[in-house]
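Have a look at the structure below before the remarks.
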Amino acid sequence: MEFGIPREVRDQEARVGLTPAGVGALVAAGHTIYVERDAGLAAGFSDEDYRRQGGKIVYSPDEAYRRAEVVVKVARPTVEEYQRFRPGQTLLSFLHLAVASPDLLEALQRVSITAMAWELVTTPDGRRPALQVMSEIAGRLAPVLAGSFLQTHHGGRGILLGGLPGVPPATVVILGAGELGTQAARAFRGLCAHVIVLDSRLAQLQTIDSHLGGGIITMQATPHALRQAVAFADVLVGAVSVPGQRTPLLVTREMVRTMRSGSVILDFAVDDGGCVETTRPTTHRDPTYAVEGVIHFAVPNVPARVARTASYALTNATLPYLLALGARGLWPALREIPDLSNGLVVREGRLVHADVARGLDREVEQ
Numbered sequence: 001m002e003f004g005i006p007r008e009v010r011d012q013e014a015r016v017g018l019t020p021a022g023v024g025a026l027v028a029a030g031h032t033i034y035v036e037r038d039a040g041l042a043a044g045f046s047d048e049d050y051r052r053q054g055g056k057i058v059y060s061p062d063e064a065y066r067r068a069e070v071v072v073k074v075a076r077p078t079v080e081e082y083q084r085f086r087p088g089q090t091l092l093s094f095l096h097l098a099v100a101s102p103d104l105l106e107a108l109q110r111v112s113i114t115a116m117a118w119e120l121v122t123t124p125d126g127r128r129p130a131l132q133v134m135s136e137i138a139g140r141l142a143p144v145l146a147g148s149f150l151q152t153h154h155g156g157r158g159i160l161l162g163g164l165p166g167v168p169p170a171t172v173v174i175l176g177a178g179e180l181g182t183q184a185a186r187a188f189r190g191l192c193a194h195v196i197v198l199d200s201r202l203a204q205l206q207t208i209d210s211h212l213g214g215g216i217i218t219m220q221a222t223p224h225a226l227r228q229a230v231a232f233a234d235v236l237v238g239a240v241s242v243p244g245q246r247t248p249l250l251v252t253r254e255m256v257r258t259m260r261s262g263s264v265i266l267d268f269a270v271d272d273g274g275c276v277e278t279t280r281p282t283t284h285r286d287p288t289y290a291v292e293g294v295i296h297f298a299v300p301n302v303p304a305r306v307a308r309t310a311s312y313a314l315t316n317a318t319l320p321y322l323l324a325l326g327a328r329g330l331w332p333a334l335r336e337i338p339d340l341s342n343g344l345v346v347r348e349g350r351l352v353h354a355d356v357a358r359g360l361d362r363e364v365e366q
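Take the sequence shown: its letters are residues 1 to 366, numbered as in the numbering used here.
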């Protein structure tokens, strides 16, 4: 099978779809991998690294797409990339179609693309391996980001996350007890912050409490509890995800108004639209803005801040699926591997994922 690894073109997207080692594994299995020149450079991988692993360097994005049966990406394609789709091609990427511009789905349908969304590839026990590793990274970065934005010279409250003897720590409120929320809670707790986690699922609260061995406060996410917790938060972390759909708005502007000036919101749910009413997407180049005196951080591709680690993690999560695709072929792999079929969003131009269709208020196309 012929795989294409184009260079990511979204602003400040430094990750790459496959590391050199991942390319080497596919080459060893008998496949041909076309890597666009400098595709891995921002993540610390040179063209020579890919050549040593058997990858074939191509010198334009057009060639990377034209030669590939299967295109492996990180970020969802841009308008510029739509023009490079080849009829009948297969695309694997984070897509988040529920909040994407409608012209992306139109482009996939127009060219009869088969597209799998990494964020929806789901194992039989409910894990989403590619999304999970990105969530782990974002969660572990949360205290690094929050601690910086809380500093006085960033306009923050001037609070040290862990406090000092005689000085109380920051109060961190995390919405969502999934992978991202758990990692963020562990990281903030490790810095001795006061951590409160809210979720509507009691089982998730029990799990996070068990995994972290206590040391955090868990609360059922009732409207009253949400209002109370948000008002006391020095740092509010949005870590909510609904597969295939836009994230529900849990925090209203009125609730943001109750937060103290210089507090920080990290809305990691912005990948799927955000869970805070005052959230709008930002970039690594200009990551924050203030509303109601509260600093908002809402960068969709947070793991790109540690592009090398993120690219290794993504390859670890996705390489088994790429090897299976290569060994079995596309349609047998989709029949035999539930994880992949769960991530199938568009099949030969037809929207086939029920959750995504619901999120777009459309019908599944047979």
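In this text, a Cβ means the ideal position worked out from N, Cα and C, and glycines have one as well. Keep in mind the model is a prediction, meaning the values are calculated, not measured.
For a test of the three-state rule: what should DSSP assign to H96, helix, strand or coil? Counting from 1 along the sequence shown, the entry for residue 96 is found at position 96. Coil, per DSSP.
State yes or no: is the C-beta of H153 within less than 8 Å of the C-beta of A170? As a first step, residue 153 must be located in the sequence shown, where it is residue number 153. As a first step, residue 170 must be located in the sequence shown, where it is residue number 170. Contact: no.
Distance between beta carbons of V99 and D272, contact taken as under 8 Å: Translated into the one-based positions of the sequence shown, residue 272 becomes position 272. Translated into the one-based positions of the sequence shown, residue 99 becomes position 99. That pair is a contact at about 6 Å.
Just to confirm, are G262 and R157 a CB contact at a threshold of 8 Å? Stepping through the sequence shown from its first residue, residue 262 is reached at position 262. Stepping through the sequence shown from its first residue, residue 157 is reached at position 157. With respect to R157, G262 sits close: the two C-beta atoms are nearer than 8 Å.
Give the DSSP-derived three-state secondary structure of F232 in the structure shown. As a first step, residue 232 must be located in the sequence shown, where it is residue number 232. Residue state for F232 is assigned as helix, using DSSP reduced to three classes.
Spatial neighbours of V230 within its chain, please: C-beta separation below 8 Å, excluding the five flanking residues on both sides. As a first step, residue 230 must be located in the sequence shown, where it is residue number 230. Here the set comprises V173, L236, V251, M255, V256, T258, M259.
Which of the three DSSP states is assigned to H194 in this structure? Sequence index remark: in the sequence shown, residue 194 carries index 194 (1-based). In this structure, H194 counts as strand in the three-state DSSP scheme.
Quick check on P143: buried or exposed, where buried means 16 or more other Cβ atoms within 10 Å of its Cβ? Locating residue 143 in the sequence shown gives position 143, counting from the first residue. The C-beta of P143 has 16 or more other C-beta atoms within 10 Å across all chains shown, which makes the residue buried.
Give the secondary structure of D47 by DSSP, where H, G and I count as helix, E and B as strand, and everything else as coil. Translated into the one-based positions of the sequence shown, residue 47 becomes position 47. It is helical.
Taking C-beta to C-beta, are I57 and R86 nearer than 8 Å? Within the sequence shown, residue 57 is the residue found at index 57, counting from 1. Within the sequence shown, residue 86 is the residue found at index 86, counting from 1. Taking 8 Å as the Cβ cut-off, I57 and R86 do not qualify as a contacting pair.
Is the beta carbon of G349 sitting closer than 8 Å to the one on L131? Translated into positions along the sequence shown, residue 349 becomes position 349. Translated into positions along the sequence shown, residue 131 becomes position 131. Going by C-beta atoms, G349 is not nearer than 8 Å to L131.
Roughly how far, in whole angstroms, is the beta-carbon of Y289 from the beta-carbon of T282, given that I think they are within contact range, below 8 Å? As a position in the sequence shown, residue 289 is number 289, starting the count at 1. As a position in the sequence shown, residue 282 is number 282, starting the count at 1. That belief holds up - the Cβ atoms of Y289 and T282 are roughly 7 Å apart, short of 8 Å.
Could you give the distance in angstroms between the alpha-carbon of R128 and the alpha-carbon of A117? By 1-based counting over the sequence shown, the position of residue 128 is 128. By 1-based counting over the sequence shown, the position of residue 117 is 117. Rounded to the nearest angstrom, the gap between the Cα atoms of R128 and A117 is 11 Å.
Three-state secondary structure (DSSP) at R227? Taking the sequence shown and counting its residues from 1, the one referred to as residue 227 is at position 227. R227 falls in the helix class under three-state DSSP.
Three-way DSSP call (helix, strand, coil) for A298 in this model: Residue 298 sits at position 298 when you count from the first residue of the sequence shown. Reduced to three states, the DSSP call for A298 is coil.
Exposed unless 16 or more other CB atoms sit within 10 angstroms - verdict on Y59: Position 59 of the sequence shown, counted from the start, is the residue given in the question as residue 59. Flag for Y59 reads exposed.
Neighbourhood of Y6 by C-beta distance below 7 Å, restricted to the same chain and skipping five residues each side: Walking along the sequence shown from the start, residue 6 turns up at place 6. Sequence check: residue 6 is Pro here, not Tyr. Excluding sequence neighbours, P6 sits near E36, A39, P61, A64, Y65, V71, K73.
Counting only beta-carbon atoms, is C275 nearer than 8 Å to chain D? Among the protein chains of the structure shown there is no chain D, as only one such chain exists.
State the CB to CB distance for the pair Q220 and S200, rounded to an integer number of angstroms; the pair is presumed to be in contact (CB under 8 Å). Position 220 of the sequence shown, counting from 1, holds the residue named residue 220. Position 200 of the sequence shown, counting from 1, holds the residue named residue 200. That belief holds up - the Cβ atoms of Q220 and S200 are roughly 7 Å apart, short of 8 Å.
Sequence-distant residues of its chain with Cβ nearer than 6 Å to G147 (five each side left out): In the sequence shown, the residue the question calls residue 147 occupies position 147. Within the same chain, G147 has close Cβ partners L161.
To the nearest angstrom, report how far apart G215 and L105 are at their CA atoms. Taking the sequence shown and counting its residues from 1, the one referred to as residue 215 is at position 215. Taking the sequence shown and counting its residues from 1, the one referred to as residue 105 is at position 105. Between G215 and L105, the C-alpha separation is close to 45 Å.
Ends of the beta strand (DSSP E) at L344? For the purposes of this step, residue 344 is taken as the residue at position 344 of the sequence shown. Segment 344-347, the beta strand (DSSP E) holding L344.
For V27, the three-state DSSP class (helix, strand or coil): Along the sequence shown, read from residue 1 onward, the residue named residue 27 stands at position 27. In the structure shown, V27 sits in a helix (DSSP, three-state: H, G or I).
With H, G and I counted as helix, E and B as strand and the rest as coil, what does DSSP make of Y318? Reading the sequence shown from its first residue, position 318 is the one you call residue 318. Residue identity differs from the one stated: residue 318 is Thr in this sequence, not Tyr. Collapsing the DSSP output to three states places T318 in a helix.
Decide yes or no for the touch test of the stretch 41-49 against the stretch 340-349: beta carbon pairs closer than 8 Å, at least 3 of them. No, they do not touch.
Would you mind working out which of A203, A138, V364 sits nearest A307, comparing C-alpha positions? For the purposes of this step, residue 307 is identified with residue 307 of the sequence shown, where counting begins at 1. The option with the nearest alpha carbon to A307 is A138.
Based on the DSSP output, what are the partners of Q220 in its beta bridges? Counted from its first residue, the sequence shown places residue 220 at position 220. D199.
Do I265 and F232 have their C-beta atoms closer together than 8 Å? Sequence index remark: in the sequence shown, residue 265 carries index 265 (1-based). Sequence index remark: in the sequence shown, residue 232 carries index 232 (1-based). Cβ atoms of I265 and F232: not closer than 8 Å.
Would you list, in sequence order, the uninterrupted alpha helix (DSSP H) runs of no fewer than 4 residues that lie entirely inside the stretch 241-276? The alpha helix (DSSP H) runs of length 4 or more contained entirely in the stretch 241-276 are, from start to end of the chain, 253-257.
Reducing DSSP to helix, strand and coil, say where Y34 ends up. The residue you call residue 34 lines up with position 34 of the sequence shown. Residue state, collapsed to three classes: strand.
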